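Report on one structure; see the data block that follows.
In my numbering, the protein residues as written are 535 to 1051.
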């Protein structure tokens, strides 16, 4: 189905039940020529929390969820409405407990994931339960018509369940004490998964290839502290706590350091991958072409890239404590190899255990952010010079900005793009202030948070940018075309129109062609 066809059907769907969604044209902002920016508006009598759409755009699921009297908290109980955009009607509406379940709008219907290890699919036509399965879901692929999951959170048996019938398609063993660090799409139905080892999995058949590796480690210090806490707790009595939660990620074992892995780099029908002990090159059948162990240092989270016929590895020097907060691990380094495996150099970047908080690559160098300073280093340089950062004057550094932001002048008549250009690096502190730093690591410009706008939605050559509820339509070169005078919860681009859900229970359709006239 073509995108503009989807848009027409969505509009018709919302307009079909006039008693349920009232339609009108309203003013939602001002264009730069002073005229009104208008939108087709569909207002619901119930509070709409969010919406989701199937991958093909043929179904729309709307979540109706009320708040407490104070308006500060969401109620667990609510309703979902399921719309067929082909027939342009509300097919069904039924209650749901959002505190115990999450929903996903799919081509086969609505997938309900309950607390624990149970999923079910509601019929597209009636909302009745078509099937139910015991599964702890970790990955849903609507295009392939399946959901992957484990029998329960601690199980190592991965199963594929058909979204259409609820039957098991296949089962295979993929342990996950270190979680899943990456899922890389390959040809046809195959995916590469970094779990406790490197796996190549056919999602349709369950055929599995495994390459041994160690992308995680046991956190002995955390285990010791946990033991001490347990002993102390036993002396004073146990404390009880309750409540459930829903796993939206692959479960991770306690007392672990995860993420000690590189990206999976595909180059000329070969794969390159590093874990905490070695870097490997393998063919598509996982046969080893070459391997190199790291000398006297453990690797951690790392980035692989090829430049000028050489393989580079930037090791950050940290992992994740049980998949969450960063924890120093090993030491940061830059290594360089020939594509045949010959080691060209291996440079440790710090005699201390300073971890690289963030990094961006230029054509032949790296900007790096440490917890106590900044560094700029040529890829072939053996010495890194970390320039201290004055946290009292400039605040604590948080990260390097990899994406383009926009800074407004004081009267918001022009938006200047701020982007990484290889000559300058953009970093920000814990107050949201952005600093532009050159290769010599001198601050060239400072940008205050109140003038910084980040892109939220792209519409061809135009962007919707926002700063704490203040939204503008601009050309990507920075010229404003309209000021949006409404806040929104969620947006989606459909052809040349923008679909927004605002906080007044309204769906707004804004025509880009009309906005830029």
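We put the beta carbon where it would ideally sit given N, CA and C, even for glycine. All figures in this text were calculated on a predicted structure; none of them were measured in a lab.
Given a threshold of 16 other Cβ atoms within 10 Å of its Cβ, counted over all protein chains shown, does residue i qualify as buried or as exposed?
i	result
residue 1019	exposed
residue 1078	Outside the modelled stretch of the chain, which goes from 535 to 1051, sits residue 1078, for which no answer is possible.
residue 828	buried
residue 741	exposed
residue 683	buried
residue 788	exposed
residue 1011	exposed
residue 821	exposed
residue 793	buried
residue 810	buried
residue 1002	exposed
residue 607	exposed
residue 878	exposed
residue 889	buried
residue 693	buried
residue 859	exposed
residue 988	exposed
residue 984	exposed
residue 688	exposed
residue 569	exposed
residue 1041	buried
residue 795	buried
For residue i, which residues in the same chain have their Cβ closer than 6 Å to its Cβ, ignoring the five residues on either side in sequence?
i	result
residue 643	655, 656, 657 and 658
residue 824	815 and 875
residue 769	The predicted model places residue 769 with a pLDDT of 28, which falls under 50 and marks its position as unreliable; any figure quoted below should be read in that light. Here the set comprises nothing.
residue 781	A caution first: residue 781 carries a pLDDT of 28, below 50, which makes its placement in the model unreliable, though a value can still be read off. Around residue 781: no qualifying Cβ.
residue 1050	1015
residue 673	682
residue 710	729 and 784
residue 584	597 and 1024
residue 846	839 and 870
Pull up the DSSP beta-bridge partners for residue i, would you.
i	result
residue 814	807 and 825
residue 608	601
residue 650	In DSSP, residue 650 forms no bridge with anything.
residue 741	In DSSP, residue 741 forms no bridge with anything.
residue 942	949
residue 989	999
residue 724	736
residue 908	903 and 921
Could you say which of the options lies nearest to residue i if we only look at CA atoms?
i	options	result
residue 835	787, 881 and 750	750
residue 680	662, 703, 664 and 949	703
residue 650	638, 641 and 671	671
residue 1044	905, 573 and 729	573
residue 851	943, 867 and 844	867
residue 701	664, 725 and 730	664
residue 986	1000, 996 and 973	1000
residue 881	855, 891, 918 and 856	918
residue 818	603, 802 and 560	802
residue 911	592, 894, 686 and 1034	894
residue 849	977, 865, 855 and 1051	865
residue 994	984, 842 and 1028	1028
residue 976	1023, 920 and 938	920
residue 981	785, 857, 928 and 733	928
residue 1031	1023, 996 and 1021	996
residue 628	791, 595, 639 and 615	615
residue 605	1037, 844 and 693	1037
residue 947	733, 747 and 1013	1013
residue 613	1035, 735, 597 and 626	597
residue 844	863, 830, 871 and 853	871
residue 715	744, 685, 797 and 610	797
residue 839	559, 799, 863 and 861	799
Among the residues of its own chain, which have a CB less than 8 Å from the CB of residue i, if the five just before and after it don't count?
i	result
residue 759	Residue placement at residue 759 is poorly supported in this model, since its pLDDT is 43, which falls under 50; the coordinates are not used for a value here.
residue 1039	577, 578, 579, 580, 581 and 582
residue 662	656
Sorted by chain position, which residues of the same chain lie with C-beta nearer than 7 Å to residue i's C-beta, five sequence neighbours on each side aside?
i	result
residue 567	none
residue 648	634 and 635
residue 1017	563, 564 and 1006
residue 1053	The structure shown does not extend to residue 1053, since the chain spans only 535 to 1051, so no value can be given for it.
residue 1009	995, 996 and 1015
residue 753	789, 790, 791 and 855
residue 746	731
residue 640	588, 676 and 697
residue 757	Residue placement at residue 757 is flagged as unreliable, the pLDDT there being 43, under the threshold of 50; a coordinate-derived value is accordingly withheld.
residue 720	726
residue 898	912 and 913
Item to complete: Count the C-beta pairs between the segment 953–964 and the segment 932–943 that are closer than 8 Å, then say yes if the count reaches three, no if not.
Response: yes
Discussion item. Tell me whether the segment 891–911 and the segment 938–945 touch, counting them as touching only if at least three CB pairs, one residue from each stretch, are closer than 8 Å.
Written reply: no
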